[in-house]
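> Each residue of the sequence shown is one higher than the one before, starting from 1 at the first, in UniProt numbering.
A virtual CB, placed ideally from N, CA and C, is assigned to each residue, including glycine.
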Amino acid sequence: MIVVSTGRFIADAASTTSDLAKGFDSVASVFAVLDRVTAIEQEDPDGHQPKSSLSGAVDLRGVEFAYASRPDVPVLCGFSLSIQDGRSVALVGSSGSGKSTIIGLVERFYDPQRGAVQIDGRDIAYHLRSVHQKIVLVGQEPTLFAGTNGYDTWSGEWGVQLPGGQKRRIAIARAILRNPSILLLDEATSALDGQSEKVVHEALERVMDGRTTVVVADMLSTIRNCNEIAVLAKGVVVEKGNHVSLMAKGLTIPRQGD
Ligand SMILES: Nc1ncnc2c1ncn2[C@@H]1O[C@H](COP(=O)(O)OP(=O)(O)OP(=O)(O)O)[C@@H](O)[C@H]1O
Ligand SMILES: [Mg+2]
Numbered sequence: 001m002i003v004v005s006t007g008r009f010i011a012d013a014a015s016t017t018s019d020l021a022k023g024f025d026s027v028a029s030v031f032a033v034l035d036r037v038t039a040i041e042q043e044d045p046d047g048h049q050p051k052s053s054l055s056g057a058v059d060l061r062g063v064e065f066a067y068a069s070r071p072d073v074p075v076l077c078g079f080s081l082s083i084q085d086g087r088s089v090a091l092v093g094s095s096g097s098g099k100s101t102i103i104g105l106v107e108r109f110y111d112p113q114r115g116a117v118q119i120d121g122r123d124i125a126y127h128l129r130s131v132h133q134k135i136v137l138v139g140q141e142p143t144l145f146a147g148t149n150g151y152d153t154w155s156g157e158w159g160v161q162l163p164g165g166q167k168r169r170i171a172i173a174r175a176i177l178r179n180p181s182i183l184l185l186d187e188a189t190s191a192l193d194g195q196s197e198k199v200v201h202e203a204l205e206r207v208m209d210g211r212t213t214v215v216v217a218d219m220l221s222t223i224r225n226c227n228e229i230a231v232l233a234k235g236v237v238v239e240k241g242n243h244v245s246l247m248a249k250g251l252t253i254p255r256q257g258d
C-alpha cells in the first residue's frame, strides 16, 4: 500500500513538474512578446502633428514588405498606388495577395522595409495618435466593448450579443461621427445576410462620398462605385482602371477568398 501511494505521489509530482515547466515556457513567451520593442511610437514627440484636418491624399511608393515573423516571404514587392484626396480605390485580388497588408501599412501598424507610405505628401512618420483620429478602419469584425452602445442597449463584451450586421452598422456610424479624412474598409460588407448587406452598403456609399477611401470588398456593387480599381497579384498592381475599362479588357474581378 505504502509503495503504491508513494509511487502515485511520485507520478503526480512528475506530471506537476512537467506542467510547471510548460507553464514557465508559456510565461516566458508572453514576456518575450511584451518585451518586444516597436520602432513605431504612437506618441513620437518629433512626429508631425497636423494642425488642421488632413486632406487625405495617400501615396504608396515602391513598397517592399515582409512580416517580421516570416522575413523571407515577400508580401509586397515594389507596390505603388496613388490616391488623390476624396477619391476611392478598390483593392481586388485573390486571398493572400496583400490587400489587408496594404490597409495595415496605411494605418501604420507596420513600416515597409523599402519604399514610402505617404499621407498628404508627407512620410507617415506623423504623431500617430493625432493622425489616427483622422484615419478610420472598418473591418469584418469590429470590436465593441461591453456597455451601452449609444442606443441604450446593452451590447455585451465585444458586442457578442449583437449580430454581425448590427456591429458593422455601429462601426460605420462611429466612423461617420469621427468624420475621418481617410476611410479604410476591409471586407466591411462580407458575410452579412441580404438585408444587412443592403443597409451596410447604403451606409458605406454615403460615408465614402467625397472622402479618400481604400476599399477591400467582395460586393461588385461597392467595387463598381469606386473611382478606381487596382488589381493585385504577387505583391504588385497588375491592372488599374475603372470598372468599365477593366471589363473592356475582359478582366473578371476575382472575388475575395477565391
Ligand atoms: N501577421 C502576419 N504574419 C505573417 N504573415 C502574414 C500576416 N498577415 C498576413 N500574412 C501573410 O501575408 C500575405 C498577404 O496577406 P493579406 O492578409 O494581406 O492578404 P489578403 O489579400 O488580405 O487576403 P484575404 O483576401 O484572404 O483577406 C499572405 O501570404 C498571408 O499569409
Ligand atoms: Mg484580407
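Which one of T213, S53 and S55 has the shortest CA to CA distance from L184?
Along the sequence shown, read from residue 1 onward, the residue named residue 184 stands at position 184. That would be T213, whose Cα lies nearest to the Cα of L184.
> Could you spell out the range, first to last residue, of the beta strand (DSSP E) harbouring A90?
Here residue 90 is taken as the residue at index 90 of the sequence shown, counted from 1. S88 to V92 is the extent of the beta strand (DSSP E) around A90.
> Apart from the five residues just before and just after Y151, which ones in its own chain have a Cβ nearer than 7 Å to its Cβ?
Translated into positions along the sequence shown, residue 151 becomes position 151. Caution applies to Y151, whose pLDDT of 47 falls short of 50 and renders its modelled position unreliable; the value that the coordinates give is listed next. Closer than 7 Å at the Cβ level, and outside the excluded window around Y151, lies no residue.
> To which residues of the same chain is L103 closer than 6 Å at the C-beta, ignoring the five residues directly before and after it?
On the sequence shown, position 103 is the one that residue 103 refers to. Checking the sequence shown, residue 103 turns out to be Ile, not Leu. Closer than 6 Å at Cβ, skipping near neighbours: L184 and D186.
> Quick check on the DSSP output: what are the complete beta strand (DSSP E) runs of length 3 or more inside the region 186-235, in order along the chain?
212-216 and 228-233
> Can you give the Cα-Cα distance for G96 and A171, rounded to whole angstroms?
Along the sequence shown, one-based indexing puts residue 96 at 96. Along the sequence shown, one-based indexing puts residue 171 at 171. Distance between the alpha carbons of G96 and A171 is about 25 Å.
> Give a single yes or no on whether S100 has its beta carbon closer than 7 Å to a heavy atom of ligand 2.
Counting from one through the sequence shown, the residue named residue 100 turns up at place 100. For ligand 2, at least one heavy atom lies less than 7 Å from the Cβ of S100.
> Three Cβ pairs or more, each shorter than 8 Å: is that satisfied between the region 84-100 and the region 196-216?
yes
> Tell me, to the nearest whole angstrom, how far the beta carbon of S181 is from that of S53; I am working on the premise that it is less than 8 Å.
Taking the sequence shown and counting its residues from 1, the one referred to as residue 181 is at position 181. Taking the sequence shown and counting its residues from 1, the one referred to as residue 53 is at position 53. Going by Cβ atoms, the distance from S181 to S53 rounds to 6 Å, so yes, they are a contact pair.
> At what residues does the alpha helix (DSSP H) containing G121 begin and finish?
As a first step, residue 121 is located in the sequence shown; it is residue number 121 there, counting from the start. Run containing G121: none; DSSP gives neither H nor E here.
> Whose C-beta lies closer than 8 Å to the C-beta of T189 among residues of the same chain, with five residues either side of it excluded?
The sequence position of residue 189 within the sequence shown is 189, counting from 1. Closer than 8 Å at Cβ, skipping near neighbours: R168, E197, V200, H201, L204, A217, D218, M219 and T222.
> Closer than 7 Å to a non-hydrogen atom of ligand 1 - does that hold for the CB of V75?
Sequence index remark: in the sequence shown, residue 75 carries index 75 (1-based). Correct: V75 has its Cβ closer than 7 Å to ligand 1.
> For ligand 2, is there a heavy atom less than 7 Å away from the beta-carbon of D186?
As a working note, residue 186 is residue 186 in the sequence shown. Flag set: Cβ of D186 near ligand 2.
> The beta strand (DSSP E) spanning V138 covers which residue range?
In the sequence shown, residue 138 corresponds to position 138, counting from 1. I135 to V138 is the extent of the beta strand (DSSP E) around V138.
> Would you report the Cα separation of F31 and N227, rounded to the nearest angstrom?
Taking the first residue of the sequence shown as position 1, residue 31 is located at position 31. Taking the first residue of the sequence shown as position 1, residue 227 is located at position 227. Cα to Cα, the separation comes out at about 46 Å.
> According to DSSP, simplified to helix, strand and coil, what is S80?
The residue you call residue 80 lines up with position 80 of the sequence shown. Look at S80 here: in three-state DSSP terms it is strand.
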